[in-house]
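Colleague: Below are the structure tokens for one structure; questions will follow.
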Amino acid sequence: MNGDMSWRRIAAEGVVVIASILIAFGVDAWWAERSERAAEIRELSRVATELTSEVDEISRSIERHEQASAASVAFLRLVDDVNGESELVLVPDTILAGLLFAPSFETAGAALDGLLRSGRISIVSDTEIRARIIDRESRMQDVLMRQDRDLEFIDLQLLPALLASGDLAHIPRWRGLLSDEFDREGMTLVRADAFLMGLVAQRAQLSWDVQVMLRRARDTNERGIETVELALNR
262 MNGDMSWRRI AAEGVVVIAS ILIAFGVDAW WAERSERAAE IRELSRVATE LTSEVDEISR
322 SIERHEQASA ASVAFLRLVD DVNGESELVL VPDTILAGLL FAPSFETAGA ALDGLLRSGR
382 ISIVSDTEIR ARIIDRESRM QDVLMRQDRD LEFIDLQLLP ALLASGDLAH IPRWRGLLSD
442 EFDREGMTLV RADAFLMGLV AQRAQLSWDV QVMLRRARDT NERGIETVEL ALNR
């Protein structure tokens with residue numbers, strides 16, 4: 262009888278030990294899952310903040326490129342009204358400054374870029390969000406590439422042609438924003454031949470191309486924000 266009691270006690274103690282181990286494993290797993298979720302929420306919150314900030318910056322950059330393309334169109338219309346090639350045309354300095362206006366856009370995605378470059382994107386469990394982040398990276402690269410082409414065209418082609426067509430030494434160059442300190446009442450004589458008009462038309466097209474890429478990038482970010490917010494509210 263005593264032997265049976267001993268075996269029963271040993272069995273009971275064994276069950277208690279096994280149950281304790283299983284409970285400990287369960288608690289550890291629950292805690293690890295909770296910690297991972299907390300880390301994911303922190304990352305997603307940073308991602309949402311950066312996407313929102315980037316959307317605002319993209320919108321401002323679109324407005325700047327609209328200013329630049331509007332200057333190109335205004336120049337072409339002004340020359341067209343003169344009805345003749347290789348004629349001197351009196352052009353408002355605001356239009357000339359707009360032709361040389363080079364809007365620049367910088368991405369605001371430190372957290373986003375960090376997730377991709379460090380390989381920590383796996384912390385984001387939602388596959389749709391991961392896809393949005395990767396898509397956003399591709400869109401931003403397209404924007405920056407188009408922007409560089411626009412800046413290079415101004416520096417290497419449009420600016421030399423404008424300088425050869427008239428005295429534009431007083432026309433400033435800006436990157437980012439047009440300055441309010443610029444004299445907006447001035448006028449400059451420019452020899453508007455077919456070559457210069459072709460370059461101005463090309464500048465307008467390049468600026469429109471950048472605007473298209475910026476709008477696509479903004480749409481991508483806005484969809485990403487919606488997806489992230491849904492994940493945060495789950």
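Each residue of the sequence shown is one higher than the last, beginning at 262 in the working numbering. Where a beta carbon is used, it is the ideal one built from N, C-alpha and C, also for glycine.
Can you find the residues in the same chain that come closer than 7 Å, C-beta to C-beta, to Glu348, ignoring five residues on each side of it along the sequence?
Modeller: Sequence index remark: in the sequence shown, residue 348 carries index 87 (1-based). Once the five neighbours on either side are set aside, the close Cβ partners of Glu348 are Ala453.
Colleague: So Arg452 is in the beta strand (DSSP E); what residue range does that whole segment cover?
Modeller: Locating residue 452 in the sequence shown gives position 191, where the first residue counts as 1. Start and end: 448-453.
Colleague: Could you give the distance in angstroms between the alpha-carbon of Val404 and the alpha-carbon of Leu467?
Modeller: The count along the sequence shown starts at 1 and reaches residue 404 at position 143. The count along the sequence shown starts at 1 and reaches residue 467 at position 206. Going by the C-alpha atoms only, they are around 12 Å apart.
Colleague: Rounded to a whole number of angstroms, what is the C-alpha to C-alpha distance between Ile356 and Ser306?
Modeller: Working through the sequence shown from its first residue, we reach residue 356 at position 95. Working through the sequence shown from its first residue, we reach residue 306 at position 45. Their Cα atoms are separated by approximately 43 Å.
Colleague: Give a yes or no on whether the C-beta atoms belonging to Met458 and Leu337 are separated by under 8 Å.
Modeller: Taking the first residue of the sequence shown as position 1, residue 458 is located at position 197. Taking the first residue of the sequence shown as position 1, residue 337 is located at position 76. Their beta carbons are under 8 Å apart, which means Met458 touches Leu337 by this criterion.
Colleague: Would Leu424 be called buried (16 or more neighbouring beta carbons within 10 Å of its own) or exposed?
Modeller: Your numbering for residue 424 matches position 163 in the sequence shown. Result: exposed.
Colleague: Using 8 Å as the threshold, is the region 488-495 in touch with the region 405-421, meaning 3 or more CB pairs across them?
Modeller: No, because fewer than three Cβ pairs between the region 488-495 and the region 405-421 fall closer than 8 Å, the two stretches do not touch.
Colleague: Asp387 to Asp470, Cα distance in whole Å?
Modeller: Start at 1 with the first residue of the sequence shown, and residue 387 comes out as number 126. Start at 1 with the first residue of the sequence shown, and residue 470 comes out as number 209. If I take the Cα positions, the gap works out to 33 Å.
Colleague: Tell me where the alpha helix (DSSP H) around Val404 begins and ends.
Modeller: Working through the sequence shown from its first residue, we reach residue 404 at position 143. 388-414 is the extent of the alpha helix (DSSP H) around Val404.
Colleague: Going along the chain, which residues of its own chain have a beta-carbon closer than 8 Å to the beta-carbon of Glu323, five neighbours each way excluded?
Modeller: Translated into the one-based positions of the sequence shown, residue 323 becomes position 62. One detail in the question is off: residue 323 reads as Ile in this sequence, not Glu. Once the five neighbours on either side are set aside, the close Cβ partners of Ile323 are Gln472, Leu475, Arg476, Arg479.
Colleague: Suppose only complete runs of 4+ residues qualify. What are the alpha helix (DSSP H) ranges in the region 336-367, listed by chain order?
Modeller: With a minimum length of 4 residues, the continuous alpha helix (DSSP H) runs that stay inside the region 336-367 are 354-360.
Colleague: With a CB to CB cut of under 7 Å and the five nearest residues on each side skipped, what residues in its chain are close to Arg400?
Modeller: In the sequence shown, counting from the first residue as 1, residue 400 sits at position 139. So the qualifying residues of the chain are Arg477, Ala478, Thr481.
Colleague: According to the Cβ coordinates, are Ala372 and Glu315 closer than 8 Å?
Modeller: Here residue 372 corresponds to residue number 111 of the sequence shown, with the count starting at 1. Here residue 315 corresponds to residue number 54 of the sequence shown, with the count starting at 1. No.
Colleague: Going by beta carbon distance, what residues of the same chain come within less than 8 Å of Val334, once the five residues before and after it are set aside?
Modeller: Taking the sequence shown and counting its residues from 1, the one referred to as residue 334 is at position 73. Taken in chain order, the residues that qualify are Ala465.
Colleague: Once DSSP output is grouped into helix, strand and coil, what is the label at Trp291?
Modeller: Taking the first residue of the sequence shown as 1, we reach residue 291 at position 30. Reliability fails at Trp291, whose pLDDT of 48 lies under 50, so the model's placement of it is uncertain and the value that follows must be treated cautiously. DSSP places Trp291 in helix when its eight states are reduced to three.
Colleague: Can you tell me whether DSSP reads Gly459 as helix, strand or coil?
Modeller: Stepping through the sequence shown from its first residue, residue 459 is reached at position 198. The answer is helix: DSSP assigns Gly459 an H, G or I state.
Colleague: Do Phe362 and Val328 come within 8 Å of each other at the CB atom, strictly closer than that value?
Modeller: On the sequence shown, residue 328 is found 67 positions in, with the first residue counted as 1. On the sequence shown, residue 362 is found 101 positions in, with the first residue counted as 1. The displayed chain sequence assigns Gln, not Val, to residue 328. Yes, these two residues count as a Cβ contact at 8 Å.
Colleague: Decide if Gln408 is buried, meaning its Cβ has at least 16 other Cβ atoms within 10 Å, or exposed.
Modeller: Sequence index remark: in the sequence shown, residue 408 carries index 147 (1-based). Result: buried.
Colleague: Would you kindly check if the distance between the Cβ of Glu304 and the Cβ of Leu376 is under 8 Å?
Modeller: Taking the first residue of the sequence shown as 1, we reach residue 376 at position 115. Taking the first residue of the sequence shown as 1, we reach residue 304 at position 43. Cβ distance < 8 Å, so Leu376 and Glu304 count as in contact.
Colleague: Around the Cβ of Ala430, are there at least 16 other Cβ atoms within 10 angstroms (buried) or fewer (exposed)?
Modeller: Sequence index remark: in the sequence shown, residue 430 carries index 169 (1-based). Ala430 comes out exposed.
Colleague: Closest to Glu483 by CA distance: which of Ser426, Ile302, Ala299, Ile319 is it?
Modeller: Locating residue 483 in the sequence shown gives position 222, counting from the first residue. Cα-wise, what sits closest to Glu483 is Ile319.
Colleague: Helix, strand or coil, according to DSSP, for Asn482 in the structure here?
Modeller: As a working note, residue 482 is residue 221 in the sequence shown. Three-state result, Asn482: helix.
Colleague: Could you compute how far the alpha carbon of Leu412 sits from the alpha carbon of Ala309?
Modeller: As a working note, residue 412 is residue 151 in the sequence shown. As a working note, residue 309 is residue 48 in the sequence shown. Roughly 30 Å between the two C-alpha positions.
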